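Trainee: Please find one structure pasted underneath; my questions will follow.
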Amino acid sequence: MRYAQLVMGPAGSGKSTYCANIVRHAADERKTIDVVNLDPAAEYFDYQPMADIRESLFT
């Protein structure tokens with residue numbers, strides 16, 4: 001069975017920190033978490049997103 005979580009909130013509310021912690025926890029449990037970044041303003045992560053919206057935007 002697959003599950004999904006949508007993490008939303010204002011800037012600075014801890015979304016990226018939450019994602020980093022859940023990825024780390026999953027690794028400790030020998031599970032895989034795929035994270036997709038849909039925030040074009042987010043630049044730095046403690047994990048590697050599976051997909052990043054910034055790669056699809058044209059400047």
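Numbering (the UniProt record's numbering), first residue to last: 1 to 59.
Glycine included, C-beta positions come from ideal geometry on N, C-alpha and C.
Quick caveat, the model's predicted, so the values are computed rather than measured.
Would you mind reading off the limits of the alpha helix (DSSP H) that contains T17?
Mentor: That run of the alpha helix (DSSP H) goes 15-28.
Trainee: Which residue or residues does DSSP assign as beta-bridge partners of A51?
Mentor: A51 pairs with V36.
Trainee: Excluding the five sequence neighbours on either side, which residues of its own chain have a C-beta within less than 7 angstroms of the C-beta of residue 66, listed in chain order?
Mentor: Residue 66 lies beyond the stretch modelled for the chain, which goes from 1 to 59, so this question has no answer here.
Trainee: Short of 6 angstroms in beta carbon distance, which residues of its chain neighbour L38, apart from the five on each side in sequence? Order them along the chain.
Mentor: So the list reads I53, once near-sequence residues are dropped.
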